[in-house]
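Engineer: Shown below is the structure under consideration.
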Amino acid sequence: MKIISAVHPDKCVTCVADAAGDMVHAVISPPRSWRRGAVALSFLAAIALVVALDRRVDRAGGDAAVPGFHFTDLAAQVGISFVHHGPTLDPKLDNIAPLVGALGASVTVTDVNRDGWPDLYLTNSRFGFPNALYVNRGDGTFVNVASAAGVADVNRPGEGVSMGAVWGDYDNDGLEDLLIYKWGYLQLFKNLGDLHFKDVTEAAGLRRWMNSNSAVWIDYDRDGLLDLYVTGYFRSDIDLWHLKTTRIMENSFEFATNGGENRLFHNVGGGRFEDVTDRMGVGSTRWTLAVAAADFNGDGWPDLFLANDYGPEELYLNDHGRRFVLSRAGLESDSKSGMSATVGDVLNRGRLDAFVTNISERGYLFQGNNLRLNFLPELGRFQQGAQGVIVDAGWAWGAQLGDLDNDGRNELFIVNGYVSGDRSRSYWYAMSKIAGANGNVFEDARTWPAIGTASLSGYERSRVLVNRGLAGWSDVAAAAGVTDEYDGRAVALADLFNRGVLDVVVANQNQPALVYKNTVRPGNHWIAFQLVGTRSNRCAIGAEVTVAAGGTRQLRVVDGGSGFASQNDRRLHFGLGQSARVDSAVIRWPSGTVQTLARPAADQLHVITEPAR
Amino acid sequence: MSSPSLLASLDPRYPVSFLITLILVLGEARYGVLGGYDRLVTALGVCTATELALSRWQRGHVANLASAYITGISLALLIKPRAGLLWPFALGGFIAIASKYVLQYRGRHLWNPSNFAISLLVLAAPASVAVLSHQWGNDLATNAVIWSFGLLIASRVGMLHVTLTYVGCFVVLAALRSLVVGGPLLADIAPLTGPMYQLFIFFMITDPKTTVSTVRGRMIVAAAVAAAEAAIRLAGDFHIASLSPLYPAPPIVALAIIGPLAKAIDLRRERVSVISADGARAASS
Numbered sequence: 009m010k011i012i013s014a015v016h017p018d019k020c021v022t023c024v025a026d027a028a029g030d031m032v033h034a035v036i037s038p039p040r041s042w043r044r045g046a047v048a049l050s051f052l053a054a055i056a057l058v059v060a061l062d063r064r065v066d067r068a069g070g071d072a073a074v075p076g077f078h079f080t081d082l083a084a085q086v087g088i089s090f091v092h093h094g095p096t097l098d099p100k101l102d103n104i105a106p107l108v109g110a111l112g113a114s115v116t117v118t119d120v121n122r123d124g125w126p127d128l129y130l131t132n133s134r135f136g137f138p139n140a141l142y143v144n145r146g147d148g149t150f151v152n153v154a155s156a157a158g159v160a161d162v163n164r165p166g167e168g169v170s171m172g173a174v175w176g177d178y179d180n181d182g183l184e185d186l187l188i189y190k191w192g193y194l195q196l197f198k199n200l201g202d203l204h205f206k207d208v209t210e211a212a213g214l215r216r217w218m219n220s221n222s223a224v225w226i227d228y229d230r231d232g233l234l235d236l237y238v239t240g241y242f243r244s245d246i247d248l249w250h251l252k253t254t255r256i257m258e259n260s261f262e263f264a265t266n267g268g269e270n271r272l273f274h275n276v277g278g279g280r281f282e283d284v285t286d287r288m289g290v291g292s293t294r295w296t297l298a299v300a301a302a303d304f305n306g307d308g309w310p311d312l313f314l315a316n317d318y319g320p321e322e323l324y325l326n327d328h329g330r331r332f333v334l335s336r337a338g339l340e341s342d343s344k345s346g347m348s349a350t351v352g353d354v355l356n357r358g359r360l361d362a363f364v365t366n367i368s369e370r371g372y373l374f375q376g377n378n379l380r381l382n383f384l385p386e387l388g389r390f391q392q393g394a395q396g397v398i399v400d401a402g403w404a405w406g407a408q409l410g411d412l413d414n415d416g417r418n419e420l421f422i423v424n425g426y427v428s429g430d431r432s433r434s435y436w437y438a439m440s441k442i443a444g445a446n447g448n449v450f451e452d453a454r455t456w457p458a459i460g461t462a463s464l465s466g467y468e469r470s471r472v473l474v475n476r477g478l479a480g481w482s483d484v485a486a487a488a489g490v491t492d493e494y495d496g497r498a499v500a501l502a503d504l505f506n507r508g509v510l511d512v513v514v515a516n517q518n519q520p521a522l523v524y525k526n527t528v529r530p531g532n533h534w535i536a537f538q539l540v541g542t543r544s545n546r547c548a549i550g551a552e553v554t555v556a557a558g559g560t561r562q563l564r565v566v567d568g569g570s571g572f573a574s575q576n577d578r579r580l581h582f583g584l585g586q587s588a589r590v591d592s593a594v595i596r597w598p599s600g601t602v603q604t605l606a607r608p609a610a611d612q613l614h615v616i617t618e619p620a621r
Numbered sequence: 002m003s004s005p006s007l008l009a010s011l012d013p014r015y016p017v018s019f020l021i022t023l024i025l026v027l028g029e030a031r032y033g034v035l036g037g038y039d040r041l042v043t044a045l046g047v048c049t050a051t052e053l054a055l056s057r058w059q060r061g062h063v064a065n066l067a068s069a070y071i072t073g074i075s076l077a078l079l080i081k082p083r084a085g086l087l088w089p090f091a092l093g094g095f096i097a098i099a100s101k102y103v104l105q106y107r108g109r110h111l112w113n114p115s116n117f118a119i120s121l122l123v124l125a126a127p128a129s130v131a132v133l134s135h136q137w138g139n140d141l142a143t144n145a146v147i148w149s150f151g152l153l154i155a156s157r158v159g160m161l162h163v164t165l166t167y168v169g170c171f172v173v174l175a176a177l178r179s180l181v182v183g184g185p186l187l188a189d190i191a192p193l194t195g196p197m198y199q200l201f202i203f204f205m206i207t208d209p210k211t212t213v214s215t216v217r218g219r220m221i222v223a224a225a226v227a228a229a230e231a232a233i234r235l236a237g238d239f240h241i242a243s244l245s246p247l248y249p250a251p252p253i254v255a256l257a258i259i260g261p262l263a264k265a266i267d268l269r270r271e272r273v274s275v276i277s278a279d280g281a282r283a284a285s286s
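Given below as structure tokens:
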């Protein structure tokens, strides 16, 4: 018996024949037209599935559940009426001025007068428009003392305009000093006390023209003196008000290396800094927009994590303060548009992870934010942990990790939106024309299509993402009262009213600053630490605190600048959930001293001074 | 036998397969263009599996898999969905290959499979899928390698006239658009130097299976695609909101509109001329 298949235009005929080849009978399979119908049906079903899945993606993320906290913008009520003004640049850049000049709104937190209440510093970015230092009166209101303090009038022709600031006690006198980074000359202000500052830039050896968008205080050699890492965005030979050339833009959207050079300034004591960039190997020219410093590999030496625009992130591992080594940590080929770098223990693993914001725009570009889960000790690399709503937040800028509901897990507050212009005109199509071009084309600002009054990812809402642990994240922004559509740039977290909850301050580009007062549902406990270094730098930047409570361990680090153009409250805040008892708090000081506090009391701030040994 | 003549005698799908493999390897090695090998495996796997299954199921024999291979790699390179989404590669791969079996006219498929799938994904799933925009480092050297190999292979498979006609029309129309809109000329010509266009010019618009039958006809079609694209781009320049879904991938959408129309007309003309010839033969006999 053998089987023979015969071809027929509309039928599949299977003939069964005997050994002699004589046909016994024929089996007629379903006709081809039936098969074609089945294929067509599955084809249509696949298309329908595409539409359904896309709708699901579109709707995903919103969480109708009421979160355990609620924000109310009280900026006006607390006396903060700051409105940012962006830079006006050389007319040669007029075609894309709204894009180029879309930076500069920043917010940093410090206790400038050591009264126990966090104060705020907000930057302006237009000549003649002052920065603001809002001192917390302790009665729920703030007063702007920047002018009297001497830190207001810093945006002047020939000097440049502010892009941000970081606070650090570089001379260990117990008073927080101020470094303003600019598109222009850096400015270092020594805090003289009594809300007075003195410009010591020249004497400190820091009078450098840098087109910078971030800086961080870091004691990289653990000598007890804060050093300074300042990043470059545009090249430092560019004066954006007197351009000699319009070839100032990035030469690649993915792997650009023609940005300003980052600089590391070593604090040699006596109020002076020396440039050790080349010696230490940290002079990246990758258009760095944000930098975070922390000990990622657990060797006791603070490392540098860079979020670079038009390129991959970079991790510079600190080799015992002798030099930094650019590490292959799974970052090198993942090119995106890094805007913000914030550090935190996302899954309560006792590890410092990094969250980096990027760009997403419907139909055009899905770069996705990065949650770099730290597996350096085991794997020598970070693992991508961004999934679900955390991935695409829009044109995302500043972000901070902090426990907003005191449940013992870090939430994420992300601000978004680039240029909010005419709602009916989008620049995305025009930008897509040059985005794929050869780098030589768009390196010249003149070849960019004019933006006019169009928007570019404008009117985007902020995201408030609740951490559900391994179950992922939920966006509760609307339910939590965060509904603004400003062009957010910087976000900082601080317990502004000393209530045991983290409030949020947002600096918006060309728009008013927001002060979101946080109301947390009662029942959860908290603990906070203010660290005072002795052998370490006085403000304890780089110190790590691990709190064990309720069966979990949480790790926080004192930052010398975090997110994008921002710095959080120097005090470390931990939510404890329902647990009213803390088993221990272990402090790892930058000097290397490890201090263990047994059962520190919950629901209060602990001021801890570094022990002698 | 010299290698050029060997190239000329090959099924055009093989040199094209070589070129797209070259682009894949070069792009991945130098710039990590894929964004994850799972994307490539999914797209290639679904495309080849669909081709195998449908050809066996519907035609009774297993088809040559070169087309599925080219389509799979094209999808992996051109689709840039949200992070973590693999379904655009899976469904895109299935839809691309299935379109060859479903969307037919007179027994021939009308759309280039990856062109159809990408157009559909861009238009029907904008919240999930974007098309390749800036990739491959915006780098002149990479561009030069791909263009050189691309032009050589287009020439050897007899499709250089399509590529050159399209490029020529694109440049002329870009200059016209620039005059009309008043923008920088370089910005309007710039897309040609991007990777989306390299894939478009060498793999989609020149697809022998979906181009029309005559050289003149193919050149007219290429010019028509460029014209349709220019119309879409002009609409984008003037911010016509109702057409905004077309703006992320103007050439791909333009080909998806013009290509099948041209192919259908061509097939119809072919049939008419065959019938006429048969009629003439019958009359003479």
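Going line by line, the protein sequences match chains F and U.
Numbering-wise (the numbering used here), the first sequence opens with residue 9 and increments by one.
Numbering-wise (the numbering used here), the second sequence opens with residue 2 and increments by one.
Note that CB positions come from ideal geometry on N, CA and C, so glycine has one too.
Residues in the same chain with beta-carbon distance under 7 Å from F:G279, minus the five sequence neighbours each way, listed in chain order, please.
Structural biologist: Excluding residues within five positions, the ones whose Cβ falls inside 7 Å are D179, V208, A211, A212.
Engineer: Any beta carbon of chain U sitting closer than 8 Å to that of F:T617?
Structural biologist: no
Engineer: Can you find a C-beta in chain F that's less than 8 Å from the C-beta of U:D208?
Structural biologist: At a cut-off of 8 Å, the C-beta of U:D208 has no neighbouring C-beta in chain F.
Engineer: CB-CB under 7 Å to F:F281, same chain, minus the five flanking residues each way: which ones, in chain order?
Structural biologist: Closer than 7 Å at the Cβ level, and outside the excluded window around F:F281, lie A212, G213, L214, L236, F273, H274, N275.
Engineer: Is F:A83 helix, strand or coil by DSSP?
Structural biologist: coil
Engineer: Could you tell me the distance, in whole angstroms, from the CA atom of U:Q59 to the CA atom of F:F572?
Structural biologist: 58 Å
Engineer: Within 10 Å of its beta-carbon, does F:G531 have 16 or more other beta-carbons around it, so buried, or fewer, so exposed?
Structural biologist: exposed
Engineer: Name the chain U residues that come within less than 8 Å of F:A488, Cβ to Cβ?
Structural biologist: Correct list: empty, because the minimum Cβ distance to chain U is about 23 Å.
Engineer: Can you name the residues that DSSP bridges to F:M218?
Structural biologist: F:G192
Engineer: Pop quiz: U:A126 and U:P89 are said to be a contact at Cβ under 8 Å. What is the actual Cβ separation, rounded to whole angstroms?
Structural biologist: Contact check for U:A126 and U:P89: beta-carbon distance about 7 Å, within the 8 Å limit, so the pair qualifies.
Engineer: Can you tell me the Cβ-Cβ gap for F:S465 and F:Y426, rounded? I've got them flagged as a contact below 8 Å.
Structural biologist: About 4 Å separates the Cβ atoms of F:S465 and F:Y426, confirming a contact at the 8 Å cut-off.
Engineer: Quick one: is F:I36 near chain U, going by C-beta distance under 8 Å?
Structural biologist: Here F:I36 scores only 49 on pLDDT, less than 50, and its place in the model is too uncertain to base an answer on.
Engineer: Below 7 Å between beta carbons is the criterion; list the residues of the region 98–113 of chain F that meet it against any residue of chain U, in chain order.
Structural biologist: none
Engineer: If you draw a straight line from the C-alpha of F:R607 to the C-alpha of F:N382, how long is it?
Structural biologist: 28 Å
Engineer: Can U:Y198 be considered in contact with the ligand HEM, in the sense that its beta carbon sits closer than 7 Å to one or more heavy atoms?
Structural biologist: Within the structure as shown, the ligand HEM is missing, as the structure has no ligands at all.
Engineer: Quick check: is the beta carbon of F:D62 nearer than 8 Å to any beta carbon in chain U?
Structural biologist: yes
Engineer: Assuming U:A131 contacts U:K81 (C-beta within less than 8 Å), just tell me the rounded distance between them.
Structural biologist: 5 Å
Engineer: Closer than 8 Å between beta carbons: that is the criterion. Which residues of the region 426–451 of chain F meet it against chain U?
Structural biologist: S432, R433, S434, W436, Y437, A438, S440, K441, I442, A443, G444, A445, N446, G447, N448, V449, F450
Engineer: Which two residues bound the contiguous alpha helix (DSSP H) that contains F:K206?
Structural biologist: That residue, F:K206, is in no alpha helix (DSSP H); its beta strand (DSSP E) goes 204–207.
Engineer: Does any C-beta atom of chain U lie closer than 8 Å to the C-beta of F:D611?
Structural biologist: For F:D611, the answer is no, since every Cβ of chain U falls outside 8 Å of its Cβ.
Engineer: Measuring straight from C-alpha to C-alpha, what distance separates F:Q293 and F:E269?
Structural biologist: Reading off the sequence, residue 293 of chain F comes out as Thr, not Gln. Rounded to the nearest angstrom, the two C-alpha atoms are 4 Å apart.
Engineer: Closer than 9 Å by beta-carbon distance: list the chain F residues that pair up with U:H240, in chain order.
Structural biologist: D430, S432, R433, S434, Y437, A462
Engineer: Is the Cβ-Cβ distance between U:T43 and U:Y70 less than 8 Å?
Structural biologist: no
Engineer: In the region 218–305 of chain F, which residue ranges form an unbroken alpha helix (DSSP H) of at least 4 residues, counting only runs that do not cross its ends?
Structural biologist: 285–288
Engineer: List the endpoints of the continuous alpha helix (DSSP H) containing F:W436.
Structural biologist: 436–443 is the extent of the alpha helix (DSSP H) around F:W436.
Engineer: Pick from U:D39, U:P13, U:A118, U:V34: whose alpha carbon is nearest that of F:A54?
Structural biologist: U:A118
Engineer: Judging by CA-CA distance, which residue of F:R336, F:W191, F:W405 is the nearest neighbour of F:T96?
Structural biologist: For the residues F:R336, F:W191, F:W405, the minimum Cα distance to F:T96 belongs to F:W191.
Engineer: With DSSP as the reference, identify every bridge partner of F:F537, one or two as the case may be.
Structural biologist: F:L580, F:H614
Engineer: Closest to F:V399 by CA distance: which of U:R14, U:G85, U:G93, U:A30 is it?
Structural biologist: U:G85
Engineer: Apart from the five residues on each side of it in sequence, which residues of its chain come closer than 7 Å, Cβ to Cβ, to U:S277?
Structural biologist: none
Engineer: Which first and last residues belong to the beta strand (DSSP E) in which U:V213 is found?
Structural biologist: Looking at the DSSP string, U:V213 is not in any beta strand (DSSP E), and its letter there is neither H nor E.
Engineer: Restricting to Cα atoms, I'd like to know which of F:A609, F:F77, F:D311, F:R216 is closest to F:V528.
Structural biologist: The shortest C-alpha to C-alpha distance from F:V528 to any of F:A609, F:F77, F:D311, F:R216 is the one to F:F77.
Engineer: Restricting to runs no shorter than 4 residues, where is the alpha helix (DSSP H) found entirely within the region 340–364 of chain F?
Structural biologist: Within the region 340–364 of chain F, there are no complete alpha helix (DSSP H) runs of at least 4 residues.
Engineer: Check whether the region 149–156 of chain U and the region 382–395 of chain F are in contact - that is, three or more C-beta pairs closer than 8 Å.
Structural biologist: no
Engineer: With DSSP collapsed to three states, give me the class of F:I595.
Structural biologist: strand
Engineer: Taking 8 Å as the CB-CB cut-off, is F:A154 touching chain U?
Structural biologist: no
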